[in-house]
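Chains as they are written, first to last, in full-length UniProt numbering: chain A, 1 to 281; chain B, 1 to 281; chain C, 1 to 281; chain D, 1 to 281. Yeah, the Cβ is synthetic: ideal placement off N, Cα and C, and Gly gets one too.
4 protein chains.
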Amino acid sequence: MSHGEQGWRQRLYLFLFDVHSPAGRRFEAFWVVITLCSVLTLFIESAEPHNIGLSIKEGSIFLLLEYIFTLLFSLEYVLRVLTTPRPFHYIFSFYGLVDLLTTLPLYFLWLWPDITLRYMMGIRLLRVLRLLRLIKLLRYMGSANVMWDTLVSARKKLFLFFGGVMIILCVFGGLMYVIEGPEHGFTSLPVSVYWAVVTMTTVGYGDITPHTPLGRMISSILILLGYSLIAIPTGVMSSYMTDVMQRNRQKRCCSVCKQTQHDDDAQYCKHCGGVLEDKHK
Amino acid sequence: MSHGEQGWRQRLYLFLFDVHSPAGRRFEAFWVVITLCSVLTLFIESAEPHNIGLSIKEGSIFLLLEYIFTLLFSLEYVLRVLTTPRPFHYIFSFYGLVDLLTTLPLYFLWLWPDITLRYMMGIRLLRVLRLLRLIKLLRYMGSANVMWDTLVSARKKLFLFFGGVMIILCVFGGLMYVIEGPEHGFTSLPVSVYWAVVTMTTVGYGDITPHTPLGRMISSILILLGYSLIAIPTGVMSSYMTDVMQRNRQKRCCSVCKQTQHDDDAQYCKHCGGVLEDKHK
Amino acid sequence: MSHGEQGWRQRLYLFLFDVHSPAGRRFEAFWVVITLCSVLTLFIESAEPHNIGLSIKEGSIFLLLEYIFTLLFSLEYVLRVLTTPRPFHYIFSFYGLVDLLTTLPLYFLWLWPDITLRYMMGIRLLRVLRLLRLIKLLRYMGSANVMWDTLVSARKKLFLFFGGVMIILCVFGGLMYVIEGPEHGFTSLPVSVYWAVVTMTTVGYGDITPHTPLGRMISSILILLGYSLIAIPTGVMSSYMTDVMQRNRQKRCCSVCKQTQHDDDAQYCKHCGGVLEDKHK
Amino acid sequence: MSHGEQGWRQRLYLFLFDVHSPAGRRFEAFWVVITLCSVLTLFIESAEPHNIGLSIKEGSIFLLLEYIFTLLFSLEYVLRVLTTPRPFHYIFSFYGLVDLLTTLPLYFLWLWPDITLRYMMGIRLLRVLRLLRLIKLLRYMGSANVMWDTLVSARKKLFLFFGGVMIILCVFGGLMYVIEGPEHGFTSLPVSVYWAVVTMTTVGYGDITPHTPLGRMISSILILLGYSLIAIPTGVMSSYMTDVMQRNRQKRCCSVCKQTQHDDDAQYCKHCGGVLEDKHK
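What follows is the structure, given as structure tokens:
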């Protein structure tokens, strides 16, 4: 690849996909709108019960729109692969795989129309692939990264906490399995543990409920015990989130006065007015 | 308009609607009581199933009371329009539109008795218009303004948070749509997302519940993941509410000693005893 | 009344009911156990469906136990009235009325056996009167007073908050009443508001659920909005409870070194070792 | 017992069960994996409805696996009893009893095959005994100890709080028992109190729901009151957990520089680099 082509590719990449250039910002808005429109179309199409799959009737407005969205997302994927500095890194990255997978439903329908439409499972899978286009939006959301970083930082504490909670859930689920038994819906141990999760977290569907006096007493104890324990992840998450946000502020450093603590959305140094470097570099 | 009329109107406005004059305070109490009575009447009327609409039987106690309330609220609206310093600003303001709309039900009934009563929808709409009189009370509640200001201040963070949560909800809803399918109530994508909202927030109606082992496992993960994430708006709201209340305290400044930090309900400066200006000016 | 009798009465009162004398402490334990036994008996009796009322069959173990409890509580009431320094103040106080009412069920049964047993309502009322004996325990619980003081201190803020929440609940309930209508269980406005309370607080019984797409969308908004707002009373209560506990510590003052900040259960001054006065005096 | 044997036993104990030696750490991982495998097998076996008990069919994969797990856990128990410094203390300790009980199911089946398999209760009990193997994991979880210490420290406050809450629950349950009555599912006082627990904690199964207007109004009050009160254990738990974690840090003291405040997982003093003693000694 010649140097000139390299420069042309890099300029196109900055122009199209770098959210820190003015053109990139406008394209970001464009892709967000297209993605949201695509999902909205899917929702409207899916809400009508007599619509199956991509509503194969030729000329259907939904099929037409899906043609357009597939064309646009294919174009986006090809452009990203061609212009990105490290194509293979992109193709096998999380966002690369999501970009590819969510473009494919219509192609699957063209390749194997019989297989995908004969089985309800196939139709539903195609729909969900189109739904996953929402994940493309995550790359434009800074707050999603904060949440993800928080989950990663707190993973050890959360893991230990949920380990302890799982033991409590299994013990109580097992107790109810013995006390209530299959005749009241506690048909197996996994079902009883599912009941314990639904009860302790106060979701309480009511599809499985205790009927014996002893079972109801033990449910009440599980609920009240859970109420004292389940608040802990909240505290863990809050303290880690504060840490992550603080660390993010310290990562950005003004190149002029070398001071940190700039807000995520700041573009100029608040101490000397110098232009701040891109935080994602 | 002559200067004398201006003064007469302004004095009447201060007398009737300014909650900072002694007479205005008494009128405030009067309007609060009337509004609450009106809604209470509506509740009692609506609780009896054989009462439809405004119980058209002549001489009914409910119709009589509604005559009185409509008269009073019409009077209030006319007086407000006539005496307010900026009539057009009031008419097209939020409270102006609420005041007008909630006065109209009985007039609609007089104008189009056939249309409004033939359809259940019309009857129900008239009732809800009367219910919205409750919104008139918001203008007398300082704390409602604090909540509203908090929501407005935190709107960007809340928007990003709920954006991220919506993506999680859609992904889990889509997964359950594939796994459980229409035979277990997950008839379409919007329904599955509605299920995910009801589950992740621990409401748990139980109208749609997972039945397959895999579906129940994924529900449990959604519940426990949600439990770690959903607490975040609480923290966001708390910190913004503290900010808003702090800012409200700093807005009021004693005209004598120029010190701020006075409580919302303070009438005298706590540093020099001077009369504090009205904070709403 | 002679002075000797006065002294005799006061000594008996301190001996029997003052929880700060050693004998009073033992009597306190006695009354707590008796009250708990009485309620436990009631629960066991009530759990058997073929037992009605006080199980009138002569010789029944439950009737026998209730004879004993009624005798004991009657004795306690008479002793309290006779020995308390201000009999009329006690008789018309909250605890005095509770003591009297919860002693009466068996007497009612003797006086009007036909009336109380012919109607299920009468039987259930007698049972609940016996259940209210639990309220007698509150007088021995310091923490209950802290909770009550907190609720009283925070009443203005909580009132305003719940006022604002009620308006949101009524508006959303009204909207759902128009959208869903009686055919989906929203039969009247009070029922719709009850649905809104059950939904916004994440209780989610599932006895009334939205069925139309628009109704489900509005429910989701109510749930997510509620989730951001409903956490506020938690914060209000916490901050007021801290205040109340701090104030309680400052109320107790060592008579020797005049320093405050003693724990609720401290009996000696932590600064000079002097005996602390009773905090309830 | 000779000194040589003593030393041999102690070395074996350190080698096998002391989680602070390198070999002990590897054995810890081994036991955790075996325990999790054992419970996973149980879950898979229990999920198939036609499998009863230990699926007695000779040659079943589940029976074979249970043979292996029983052998391993028996070996572990015997080794622990033989090598532990204080055998009787271990045998009658909580973990000793759990280790013994969860090893026994297969032996019970060999001893009394008729009794345990004829009754569903017996089969279910054997399964739950195998499920309790999860409790063995608690000994490897430091955070579980923190939770337990927190519950023990806060037991007095939590006890008083739940005592107060129980009184509220009983009073509201009793009220609903009178108002709604058996015809709406409130068949007895314990059932009504169970309903109050499920409602106040926002679980809301929906198996018992109020149907009368008055009952729904009282339910709403219970929900909103509960919402203000039930957050208190969260606060109590948080503050005590902070205390317990702080105390744990202060318990560990560097033998070189005598400074405390080392993290739970620290192996070297952060002030002088000296090796820290085992915190569990």
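Whole-Å CB distance - residue i paired with residue j, under 8 Å assumed
i, j, result
"residue 173 of chain D", "residue 193 of chain D", "4 Å"
"residue 167 of chain A", "residue 138 of chain D", "6 Å"
"residue 198 of chain D", "residue 215 of chain A", "Contact doesn't hold; Cβ gap of about 13 Å is too wide."
"residue 217 of chain B", "residue 195 of chain B", "So it is not a contact: roughly 15 Å between Cβ atoms."
"residue 181 of chain B", "residue 124 of chain A", "7 Å"
"residue 12 of chain A", "residue 83 of chain A", "5 Å"
"residue 240 of chain A", "residue 150 of chain A", "5 Å"
"residue 160 of chain A", "residue 141 of chain D", "6 Å"
"residue 158 of chain B", "residue 228 of chain C", "7 Å"
"residue 213 of chain C", "residue 29 of chain A", "Wrong, their Cβ atoms sit about 28 Å apart, outside the cutoff."
"residue 202 of chain A", "residue 202 of chain D", "5 Å"
"residue 76 of chain A", "residue 110 of chain A", "Their Cβ separation, rounded to whole angstroms, is 19 Å, which puts residue 76 of chain A and residue 110 of chain A out of contact at 8 Å."
"residue 136 of chain A", "residue 98 of chain A", "6 Å"
Simplified DSSP assignment, three categories, for residue i
i, result
"residue 55 of chain D", "With a pLDDT of 49 at residue 55 of chain D, under the threshold of 50, the modelled position of this residue cannot be trusted, and the question is left open."
"residue 66 of chain D", "helix"
"residue 18 of chain A", "coil"
"residue 86 of chain D", "coil"
"residue 122 of chain A", "helix"
"residue 113 of chain D", "helix"
"residue 72 of chain D", "helix"
"residue 12 of chain D", "helix"
"residue 228 of chain D", "helix"
"residue 257 of chain B", "coil"
"residue 92 of chain D", "coil"
"residue 104 of chain A", "coil"
"residue 273 of chain C", "coil"
"residue 41 of chain D", "helix"
"residue 212 of chain A", "coil"
"residue 219 of chain B", "helix"
"residue 46 of chain B", "helix"
Residue environment, residue i, which counts as buried when at least 16 other CB atoms sit within 10 Å
i, result
"residue 114 of chain C", "exposed"
"residue 255 of chain B", "exposed"
"residue 183 of chain B", "exposed"
"residue 93 of chain A", "exposed"
"residue 78 of chain D", "exposed"
"residue 39 of chain B", "buried"
"residue 33 of chain B", "exposed"
"residue 88 of chain B", "exposed"
"residue 121 of chain A", "exposed"
"residue 165 of chain A", "buried"
"residue 244 of chain A", "buried"
"residue 223 of chain B", "buried"
"residue 269 of chain B", "buried"
"residue 206 of chain B", "buried"
"residue 71 of chain D", "exposed"
"residue 64 of chain B", "exposed"
"residue 80 of chain D", "buried"
"residue 152 of chain A", "exposed"
Original post:
Which of the residues in the region 175-190 of chain A, read from start to end, lie with their CB under 7 Å from any CB of chain B?
Top reply: Flagged, chain order: 190.
Subject >> Within 8 Å of chain A by C-beta, residues of the region 149-169 of chain B in sequence order >> reply: Residues passing the 8 Å Cβ filter: 157, 160, 161, 163, 164, 166, 167.
Subject >> Complete runs of the alpha helix (DSSP H) confined to the region 133-208 of chain B [at least 4 residues] >> reply: Entirely contained in the region 133-208 of chain B, the alpha helix (DSSP H) runs reaching 4 residues are, in chain order, 142-153, 155-179, 189-200.
**OP:** Give, in chain order, every residue of the region 195-221 of chain D whose Cβ lies closer than 8 Å to some Cβ of chain A.
**Re:** 197, 198, 201, 202, 203, 204, 205, 206, 207
**OP:** Determine which residues of the region 98-132 of chain C have a Cβ less than 8 Å from any Cβ of chain D, and write them out in chain order.
**Re:** 120, 121, 124, 125, 127, 128, 131, 132
**OP:** Return the residues of the region 14-32 of chain A that lie within a Cβ-Cβ distance of less than 7 Å from chain C, sorted by chain order.
**Re:** none
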